[in-house]
Structures are given as C-alpha cells and as structure tokens.
Amino acid sequence: MMPDIFSSFDPYMYNTLFPTNSLFIIMNMTMVLLVQTGYWMINTRQSTFIVPLKSTIFTQLSRTFSYQLKGATSIISSTFIILIMVNLMGMIPYTFSTSSHLIFTLALGLPMWLSFILSSSSYSPKKTVAHLLPDGAPDWLNPFLVIIETTSIVVRPLTLSFRLAANMSASHIVLSLVGTYCASAWFTSTFGTSMLILTNLGYVLFEFAICLIQAYIFCLLLSLYSDDHAH
C-alpha cells in the first residue's frame, strides 16, 4: 500500500526506519538531559541552545501572574523547551509526528489549565468565582455573562490543544505535498525541478520557524491564563 499525505500521523506506518516506541523513549531521555542542563553543565553546546530559549520565555512569564506562582515558571519554561524538541523531532522524515496529535497536546494543556483553576480555587474561592462576572455589568445581564465566561474558561484547554495540533498537522501536510511534487518532478525539466527543490528548502526553513512559534504561543497562552488566578 502506498503511503498518502496523512501517513506521517500514523504511528504504525514508519517502523522500518526507526521503531516509534524506541524513538519516543530516546526523545524523552533527551528532554530530561537537555531541559535542565544548566544545573550541572556550564558553557556546553546544549546550554548554548537552551539558555536563549529560557531567557525568551522567562521574559514573557515575568509580565504575567505566573511569575508569582511557585513552580509555574519552571514548569512552563520546561514545557516550552520540550515542545520545541518534540516539534523539531516531527520534522525528521519518516518519523511519527507526536505534536500533531490531540492526545499529546491535550495531555500538556489540560493539566496546566486545571492546576491554575485548582490553585486559584484553593487560594480564594470567592475571588475565583468573582472573575466570572465582569465589573460594571447590568444586573439583568449577569446570568448570561456568568454562563459565557464559564464556557470560555472551560473550553480553554481544548482550544489551546486544538490550536497546536491543527497548526502542526497543517504544516506537515503541506510539507508532504511539496515533497511529493518534488519527487514526481525529479525526472522532468531541470529548471522546474530546481525551482521545486528551492521551494521545498524554503518551506522547510519556514517549518522550523513554525515549530518555534507554535511552542511559544502555547506557553504564552498558558502564562496569560494565570492572570485569572486569584490574588
């Protein structure tokens, strides 16, 4: 059976190049070694790559209330590094794209969102409930505003996870289409093949940028959700 453009999302399709389970285990071990290398490694190649990324996400976290929550900055910054690594691992040809699946993105977004809700509720239940009603709203509109605000808060982990999975899936599908056209045009005119190859290389570079941007947006929204924490 010939693979289609959605084959990269099938975990059982590309076991010939590298077993998916082994690749996932090695990837997780790499995350453990790279995320907090600054604790025992100084001036290494890994820290040269990790430190600028950490500085970028810490700058954003310092602007939100998550900076005042114990452990939130470490968790979100580690999630940022892990998402970048997972997105880049999905760029390897004939490998399983983990971040394109909702179960992976939901496993990251739902616990983080729920932890903010539980932390806020345990700190001050009254202030947490008070966030459901905007200030200065008319009395007759209050029941509808509470329902709308509650719905918007409940769907946050779904929209957060869907956004990452959908964007990464769309990017990989377009990359597969461009690669298919390049393979089919390999034996055609030299000029057309050269243009397709240059287009493919340009889109691959664009994909690397997408991997970084989507990881940043995911953690940016998580940090913004912490602003609703009772304080």
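Heads up, the sequence shown is in our numbering, so the first residue is 220 and it goes up one at a time.
All C-beta atoms in this analysis are idealised placements derived from N, C-alpha and C, irrespective of residue type, glycine included.
Since we're looking at a predicted model, the values are computed, not measured.
Span separating the alpha-carbon of residue i from that of residue j
| i | j | result |
| --- | --- | --- |
| residue 423 | residue 335 | 36 Å |
| residue 362 | residue 311 | 50 Å |
| residue 445 | residue 315 | 32 Å |
| residue 412 | residue 435 | 35 Å |
| residue 448 | residue 398 | 46 Å |
| residue 370 | residue 416 | 47 Å |
| residue 270 | residue 349 | 39 Å |
| residue 206 | residue 300 | Absent from the model: residue 206. The displayed extent of the chain is 220 to 450, so no value can be given. |
| residue 332 | residue 338 | 10 Å |
| residue 439 | residue 425 | 21 Å |
| residue 427 | residue 288 | 31 Å |
| residue 344 | residue 450 | 11 Å |
| residue 418 | residue 395 | 13 Å |
| residue 256 | residue 420 | Confidence at residue 256 is low in this model, with a pLDDT of 49, below 50, so the placement of that residue should be treated as unreliable; the coordinate-derived value is given next. Residue 256 and residue 420: Cα-Cα distance of roughly 32 Å. |
| residue 386 | residue 360 | 36 Å |
| residue 309 | residue 355 | 48 Å |
| residue 302 | residue 357 | 43 Å |
Neighbourhood of residue i by C-beta, 7 Å cutoff - its chain only, sequence neighbours within 5 removed
| i | result |
| --- | --- |
| residue 442 | 279, 280, 283, 285 and 295 |
Nonlocal neighbours in the same chain, by C-beta distance under 6 Å from residue i, ignoring five residues either side
| i | result |
| --- | --- |
| residue 388 | 319 |
| residue 273 | 296 |
| residue 340 | 347 |
| residue 429 | 390 |
| residue 383 | 324, 433 and 437 |
Nonlocal neighbours in the same chain, by C-beta distance under 8 Å from residue i, ignoring five residues either side
| i | result |
| --- | --- |
| residue 400 | 415 |
| residue 329 | 376 and 380 |
Report task. Specify whether the stretch 320-328 and the stretch 362-382 touch according to this definition: at least 3 beta carbon pairs, one from each stretch, less than 8 Å apart. Result -> yes
Query raised in the report: In the stretch 280-314, which residue ranges form an unbroken alpha helix (DSSP H) of at least 4 residues, counting only runs that do not cross its ends?
Result: 291-308
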